Amino acid sequence: MADFRQTFLPCLNSSWTEEQCARLNMVAGWKVAVYVALPLILLCIAIALLCIYLKRRRLRQYTSIKKARGPVTISPSRTSIKSHQSSSESSGTPLAEEFWVPVLKSGGGEGGTSAVELVGSQVQPFSRRRPSMSARLENSSFDPNSEMYKRLEMMKTKEPTIEYAGELHFALHYNKDMGILTIRLIQARDLQAREFSGTADPYFKISVLPDEPRTLQSKIHRKTLDPEFEEKFAFEIPPTDLPNRTIRFLLFDYDQFSRDECVGQVLLPLENVDLSERVELWKMIESYKIRTPEKKPDLGDLLMTASYLPTAERLTIVILKARGLENTPQNKRPDPYVKVSILYAGKRLKKKKTSTRHSTTNPVYNEALVFDVGREFMDHVYIELVIVHENRFGQNQGMGKVVLSAESEGEELEHWKSLAASRKGTARWHCLQPLQPD
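The opening position of the sequence shown corresponds to residue 1 in UniProt numbering, with each subsequent residue numbered one higher.
Here you go:
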């Protein structure tokens, strides 16, 4: 208040001229601006210094963690990673943690790379040792072209395994005068859920073996592992043929994007059933799987469609979803995206990618990627789809791939043929294959 009086009250005195008052007010305004601006400038400088300090502190923490891990030894199969720190070596008890290690590309990210050593150069990447019972016999007197050897090979490559897949409740009634067998499908329980959804959409297909051409289907029950059907199905069977017939119940899991998967079956020979009166039974549902001797590692599956329009020379790849992806080496859920590349004569012509899904092993995309590919190139291109984990603190990691081309095999080749034969794309599941190291 004293400053105000000293500054502005003299202007009220008639002895002061207007010019003197204006100069006095200009000096006072400059002082006010300094008093206001100086604290703001100091505050901005303090905030900037704090940000620089936090950034350097975070970088030091990341560098110390990276150095603490030390060089690692990576086995090319599902195994453990052991840290070769001096402290663990001296104690004689190196630390080991079980998890899946994907193939890493050579070359480093920021700050250099750790020393990496592949154990066992003679071992093929991502392969498993054949069990000794399935190994080939080294015997010069053994003829590999004999019929016995072919039968043994067939038994070895397709070996059924019986597993519990739930229980089925049904009833049978046979009208001997009319020759009609009525099957009442009542309910099922304890069905197996899908790995990526935790539930199922079950239904049954019923047929009478071996001569009945008809297959009857029940209704689809959504998102349940204990469906109640209460449906009846009738088959015409002469009384003389009844002991030679077998009822087959096939359990399917409905998938709106691809072909339904048969997950179990029940076989009931009628020669063991007394049909003189109504019969009600509980039967175990058997899961039938095919086991191959050299099964590739389960890296997950990718569901996608592909279609080509020759008139517009446009190739459309639709990435629907993936399931059963592996966790990261840190045993955390990945942040996956799908990178699609068009290759010709060993060169990558075009590439596009989907958006990233965070912290999930079963990502859903539903994204279409469109490429312009000339008809003269279409028969010779390779469509490569790679699922990549987006690493926010280092180099991205490939998790598996699918390649569609005229030189592919199995399901990939069938999908390629359907791409060339039809303009409408069909959705198919593909098993992810290991990435080859550069």
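Even for Gly, the Cβ is constructed at its ideal location relative to N, Cα and C. If you're wondering where the values come from, they're calculated on a predicted model, not measured in any experiment.
Check	Outcome
Nearest neighbour of threonine 360, chosen from Thr328, Gln61 and Gly166 [CA to CA]	Thr328
Same chain, Cβ closer than 7 Å to threonine 311, five either side skipped, listed in chain order	none
Beta-carbon proximity of proline 269 to threonine 240, cut-off 8 Å	no
Cross-strand partners of tryptophan 416 (DSSP beta bridge)	None, per the DSSP bridge assignment.
Integer Cβ distance of leucine 320 from tyrosine 382, believed to fall under 8 Å	That pair is no contact at about 21 Å.
Opening and closing residue of the beta strand (DSSP E) in which glutamate 261 lies	261-269
Where glycine 425 falls: helix, strand or coil (DSSP)	coil
Segments of 4+ residues assigned as alpha helix (DSSP H) that fall wholly inside the stretch 338-414	375-378
Contacts around tryptophan 416, its chain only, beta-carbon distance under 7 Å, and the 5 residues preceding and following it disregarded	Leu404, Ser405, Ala406 and Ser408
Cβ neighbours of serine 418 in the same chain (closer than 7 Å, five flanking residues each side left out)	Thr426
Backbone CA spacing between leucine 309 and tyrosine 344 [nearest angstrom]	19 Å
Contact the stretch 330-344 vs the stretch 273-283: 3+ CB pairs below 8 Å	no
Same chain only: Cβ atoms within 8 Å of arginine 151, ignoring 5 sequence neighbours per side	Summary for arginine 151: the model assigns pLDDT 45, below 50, so the residue's position carries little reliability, and this model does not support an answer.
Close-in-space but distant-in-sequence residues of the same chain around leucine 385 (CB under 7 Å, 5 per side omitted)	Leu302, Met304, Val338, Val340, Lys401 and Val402
Coarse secondary structure for valine 279, derived from DSSP in three states	strand
Buried or exposed by the 16-neighbour rule on C-beta atoms within 10 Å, applied to serine 140	Confidence at serine 140 is low in this model, with a pLDDT of 42, below 50, so the placement of that residue is unreliable and no value is reported for it.
For asparagine 244, three-class secondary structure by DSSP	helix
Own chain residues within Cβ distance below 6 Å of lysine 223, not counting five before or after	Thr199
Pick from Asn391, Ile342 and Gly346 that is closest to glycine 374, judged by C-alpha positions	Ile342
Leucine 95 burial status per 10 Å Cβ neighbour count (16 or more: buried)	A caution first: leucine 95 carries a pLDDT of 41, below 50, which makes its placement in the model unreliable, though a value can still be read off. Looking at its Cβ environment, which holds fewer than 16 other Cβ atoms inside 10 Å, leucine 95 is exposed.
Cutoff 7 Å; reference proline 363; Cβ partners in own chain excluding five residues on either side	Lys321, Ala322, Pro336 and Arg357
Where leucine 54 falls: helix, strand or coil (DSSP)	helix
Run of the beta strand (DSSP E) containing valine 208, from where it starts to where it stops	202-209
Where tyrosine 164 falls: helix, strand or coil (DSSP)	strand
Residue environment, valine 208, which counts as buried when at least 16 other CB atoms sit within 10 Å	buried
CB contact below 8 Å: phenylalanine 371 versus chain E	Looking at the structure shown, chain E is missing, and only one protein chain is on hand.
Cβ shell of serine 287 (< 6 Å), same chain only, five flanking positions each side left out	Glu163, Ala165 and Gly264
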